[in-house]
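>
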Amino acid sequence: MGKLNARISLIVAMAKNRVIGANNAIPWHLPAELKMFKAITMGHHIIMGRKTWESIGRLLPGRTTVVVTRQHGYSVPGAIVADSLDSALAACKGDDEIFVIGGAELFAAALPRATRIYLTIVDADVAG
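For reference, each letter of the sequence shown is one residue, going 13 to 140 in the working numbering.
1. Considering only their Cβ atoms, is the gap separating K28 from D135 smaller than 8 Å?
2. Expressed to the nearest angstrom, what Euclidean distance is found between the alpha-carbon atoms of T81 and A122?
3. Is it true that the segment 60 to 73 meets the segment 105 to 115, where meeting means three or more beta-carbon pairs spaced less than 8 Å apart?
4. What does H57 pair with, by DSSP beta-bridge criteria?
5. Which residue marks the beginning of the beta strand (DSSP E) containing T132, and which one marks its end?
6. Please classify M54 as buried or exposed, where buried requires at least 16 other C-beta atoms within 10 Å of its C-beta.
7. Taking the straight line between their C-alpha atoms, what separation do you get for V138 and A103?
8. Is the CB-CB distance between V24 and L118 below 8 Å?
9. Going by DSSP, what residue range makes up the beta strand (DSSP E) through R19?
10. Taking only three categories from DSSP, how would you classify I92?
11. Using only the alpha-carbon positions, how far apart do L42 and G61 sit?
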């Protein structure tokens, strides 16, 4: 893969005990955090794993969705499907900032390459 000129950013909310999700869902509802997520990611590519995609279940308006999965033949109408983080990043040409939005496995893969992390700490301990 050639040099990527875009900033790679992670955007995540996590509980005080570092839980980011439970049962394929976000275990809290924080409208202000969702509003911030929308404002920051609007107009950019968002990269997510298949399970995160399935938990959201829809394209997020105003953003280009890239879903990473190892499942051959997986299709998401209106989105880009990639088989690796490298393939997903390569599909994001022309963007100045690319957002990895989850889940945990994709965060772990992207963390060494990230130049920015948008982190919200939720004042709660939740099971996950």
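Glycine included, each C-beta is placed from N, C-alpha and C at the ideal position.
This is what the structure gives:
1. yes
2. 15 Å
3. yes
4. T76, I110
5. 128 to 134
6. exposed
7. 35 Å
8. no
9. 19 to 27
10. strand
11. 22 Å
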